[in-house]
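Peer 1: Structure below; questions to follow.
Numbering (full-length UniProt numbering), first residue to last: 1 to 244.
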């Protein structure tokens, strides 16, 4: 079973039985009051034993800052499947005192909790790589490396999403996307982005974006709501149910 839209779940047929997605199953059994779930990753440097939280049928309003803004799921997705895509954002990057606006282009993004990296259109990625003096380290995987010193540089990436219900900016500091790895020298880190061809029209935003966002997936109204994640709260019983 998966937690995506049922039409996109790899259905298993045995004796004519089709297995629905996990969210639909919970709802049909009356265990949750809506076909929804929320995701909080926590920050990369967290030592909290409860690093991330997923709440089925609800949310934790202490885990985000400002407003939780809904965006329509692009349905069906450009690849013809019922994936969780929304319209891509405008991205601005800041490195110390320098600011770069990445080229604006029309594309959709899959907010993928199963992906470590974030995939950007090649034109956007090239500007990011130049700003951070990134070098290609593993050509077969399009993996780039940067100096680990960028973890402490001021700035980061601002992703601004516009939709019918409003606008939200998710700010991602460099420390969340400059990734240490034991396979690299002490002063070298992976860059948490991978370039994709500009003409794909579809890109994946993974953990290096999602750690800075709070997400509420609502299949009843086909929206994904976003807000800036808040790491400065600790509450053992703050989950609230979302009713249909």
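Every residue gets a Cβ at the ideal spot worked out from N, C-alpha and C, and that includes glycine. All of these numbers come straight from a predicted model, not from anything done at the bench.
Assign residue 150 to buried or exposed, taking buried as 16 or more other Cβ atoms, counted over all protein chains shown, within 10 Å of its Cβ.
Peer 2: Indexing the chain shown from 1 puts residue 150 at position 150. That one is buried.
Peer 1: If we count the other Cβ atoms within 10 Å of its Cβ and call it buried at 16 or more, is residue 36 buried or exposed?
Peer 2: What you label residue 36 is simply residue 36 of the chain shown in a count that begins at 1. The residue in question, residue 36, is buried, as its Cβ has 16 or more Cβ neighbours within 10 Å.
Peer 1: Hey, could you find the ends of the beta strand (DSSP E) residue 183 is sitting in?
Peer 2: As a working mapping, residue 183 is identified with position 183 in the chain shown. Unbroken run through residue 183: none, as it is neither H nor E.
Peer 1: What separation, rounded to the nearest whole angstrom, lies between the Cα atoms of residue 177 and residue 209?
Peer 2: Numbered from 1 along the chain shown, position 177 holds the residue referred to as residue 177. Numbered from 1 along the chain shown, position 209 holds the residue referred to as residue 209. Roughly 8 Å separates the two Cα atoms.
Peer 1: I think residue 56 touches residue 125, with their Cβ atoms under 8 Å apart; what is that distance to the nearest whole Å?
Peer 2: The residue given as residue 56 occupies position 56 in the chain shown. The residue given as residue 125 occupies position 125 in the chain shown. Rounded, the Cβ-Cβ distance is 35 Å, inconsistent with contact.
Peer 1: Whose CA, out of 214, 181, 235, lies closest to the CA of residue 112?
Peer 2: Residue mapping note: residue 112 aligns to position 112 of the chain shown, counting from 1. With distances taken between Cα atoms, residue 112 lies closest to 214.
Peer 1: Give the list of continuous beta strand (DSSP E) stretches no shorter than 3 residues that lie fully inside the segment 108-147.
Peer 2: Those beta strand (DSSP E) runs which fall completely within the segment 108-147 and span 3+ residues are 108-111, 118-121, 135-138, 143-147.
Peer 1: Exposed or buried, what is residue 106 when buried is set at 16 or more other beta-carbons lying within 10 Å of its beta-carbon?
Peer 2: Taking the chain shown and counting its residues from 1, the one referred to as residue 106 is at position 106. Result: exposed.
Peer 1: May I ask which residues mark the beginning and end of the beta strand (DSSP E) holding residue 159?
Peer 2: Position 159 of the chain shown, counting from 1, holds the residue named residue 159. Looking at the DSSP string, the run of the beta strand (DSSP E) that includes residue 159 is 155-163.
Peer 1: Quick check on the DSSP output: the alpha helix (DSSP H) that includes residue 23 runs from which residue to which?
Peer 2: Taking the chain shown and counting its residues from 1, the one referred to as residue 23 is at position 23. Start and end: 22-28.
Peer 1: Reducing DSSP to helix, strand and coil, say where residue 214 ends up.
Peer 2: Position 214 of the chain shown, counted from the start, is the residue given in the question as residue 214. Note: residue 214 maps to strand in three-state DSSP.
Peer 1: If I measure Cβ to Cβ from residue 146 and keep anything under 7 Å in the same chain, skipping five residues before and after, which residues do I get?
Peer 2: Stepping through the chain shown from its first residue, residue 146 is reached at position 146. Excluding positions up to five away in sequence, the list reads 132, 133, 134, 178, 189, 191.
Peer 1: What span of residues does the beta strand (DSSP E) with residue 174 cover, start to end?
Peer 2: For this step, residue 174 is matched to residue 174 along the chain shown. It is not in any beta strand (DSSP E) - residue 174 carries neither H nor E in the DSSP assignment.
Peer 1: Could you pull the DSSP bridge partners for residue 95 from this structure?
Peer 2: What you label residue 95 is simply residue 95 of the chain shown in a count that begins at 1. Answer is 98, 155.
Peer 1: Taking the beta strand (DSSP E) that residue 65 belongs to, which residues open and close that run?
Peer 2: Along the chain shown, one-based indexing puts residue 65 at 65. Unbroken beta strand (DSSP E) run through residue 65: 64-72.
Peer 1: Secondary structure at residue 233, three-state DSSP: helix, strand or coil?
Peer 2: Along the chain shown, read from residue 1 onward, the residue named residue 233 stands at position 233. Reduced to three states, the DSSP call for residue 233 is coil.
Peer 1: Count the other CB atoms, across all protein chains shown, that sit within 10 Å of the CB of residue 237; report buried if there are 16 or more and exposed otherwise.
Peer 2: As a working note, residue 237 is residue 237 in the chain shown. The residue is exposed, with fewer than 16 neighbouring Cβ atoms inside 10 Å.
Peer 1: So, are the CB atoms of residue 161 and residue 226 less than 8 Å apart?
Peer 2: Here residue 161 refers to the residue found at position 161 of the chain shown. Here residue 226 refers to the residue found at position 226 of the chain shown. A contact, by the Cβ cut-off of 8 Å.
Peer 1: Which residues share a DSSP beta bridge with residue 38?
Peer 2: Here residue 38 is taken as the residue at index 38 of the chain shown, counted from 1. For residue 38, which the question treats as bridged, DSSP gives the partners 55, 216.
Peer 1: Tell me the DSSP secondary structure of residue 149 in three-state form.
Peer 2: In the chain shown, counting from the first residue as 1, residue 149 sits at position 149. The answer is helix: DSSP assigns residue 149 an H, G or I state.
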